[in-house]
Amino acid sequence: MSARKSGPIENGEERRSPIIKWATRIMVLSLFIAFCGWLDTVKHQWYIFEPSKLHALAQDAIAAHPDDTSAMVHHIVSNLTAEYPSNKIRINPDEREWFFNNAGGAMGGMYIIHTSITEYLIIFGTPLGTEGHTGIHTADDYFHILVGEQWAYAPGSYEKEVYPAGSVHLMPRGVRKQYKMHKGCFALEYARGWIPLMLPFGFSDALTSTLDYMSVYDMVRIAGRELIGNLLIGKI
Ligand SMILES: *[C@@H]1O[C@H](CO)[C@@H](O)[C@H](O)[C@H]1NC(C)=O
Numbered sequence: 717m718s719a720r721k722s723g724p725i726e727n728g729e730e731r732r733s734p735i736i737k738w739a740t741r742i743m744v745l746s747l748f749i750a751f752c753g754w755l756d757t758v759k760h761q762w763y764i765f766e767p768s769k770l771h772a773l774a775q776d777a778i779a780a781h782p783d784d785t786s787a788m789v790h791h792i793v794s795n796l797t798a799e800y801p802s803n804k805i806r807i808n809p810d811e812r813e814w815f816f817n818n819a820g821g822a823m824g825g826m827y828i829i830h831t832s833i834t835e836y837l838i839i840f841g842t843p844l845g846t847e848g849h850t851g852i853h854t855a856d857d858y859f860h861i862l863v864g865e866q867w868a869y870a871p872g873s874y875e876k877e878v879y880p881a882g883s884v885h886l887m888p889r890g891v892r893k894q895y896k897m898h899k900g901c902f903a904l905e906y907a908r909g910w911i912p913l914m915l916p917f918g919f920s921d922a923l924t925s926t927l928d929y930m931s932v933y934d935m936v937r938i939a940g941r942e943l944i945g946n947l948l949i950g951k952i
């Protein structure tokens, strides 16, 4: 039975017309949608990384250390740490902080270099190769191949797209593909847009298939730490 007691409050509620109640709800919802639309038009002011600079950096790292992936990653992280002041953006310097990520049927290792509300920069890859669905994302995704090749396919084509080391595979917001990290492949992945909305995809396979709670814990702990750390220094 209802725990509500009759009294002046309930009488007041009863007097309010359902039309006014729904009009208020629709107005609040419309304002919220308009606010989100406005945020979407101003989000670029929080971007710090530049795609062309990251591409040059990935190519420099490959040229400097052609047969040493670990040295490439070190080259990239040292460059970013020197390039960007730590009071402006947080770069995670711990190059051993790797964990598994399973999403869209693909599996690989991930090292989060940076993540905030509007940008992330990670190293993703596996020496074994993997294949899956890219997901549908609320961010533009720049996939810089460091080692090996990434292949991609979208329905309607009969040919595969091939992205070798040194190239960038740009996936604009909303674009979906099947992709393969062909044999061994590692990439520097930069996403700009609404990062928190991408997280459910990042957890999808762990929650529905692998049940690898330790990887979920690592991702929540590291992404949370970096995201909050960035917010605290004003990097949205
Ligand atoms: C980092 O790499 C970029 C792109 O190659 C380069 O322009 C820049 O000078 C490098 N910065 C440092 C501090 O090494």
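Under the working numbering, the residues of the sequence shown are numbered 717 to 952, in order. For glycine and all other residues, C-beta sits at the position ideal for the given N, C-alpha and C.
Between residue 828 and residue 938 the beta-carbon gap is near 5 Å, inside 8 Å, which marks them as a contact. The beta carbon of residue 822 sits no closer than 7 Å to any heavy atom of ligand 1. Counting along the chain, residue 909 sits inside the beta strand (DSSP E) bounded by residues 894 to 909.
For the pair residue 935 and residue 761, the Cα-to-Cα distance works out to about 27 Å. Taking C-beta separations shorter than 6 Å and ignoring five residues to either side along the sequence, the partners of residue 764 in its chain run 805, following chain order.
Looking at the DSSP output, residue 884 sits in a beta bridge with 860. For residue 942, the secondary structure class from DSSP, reduced to helix, strand or coil, is helix.
For residue 874, the three-state secondary structure derived from DSSP is coil. Beta bridge pairing from DSSP links residue 831 with 836.
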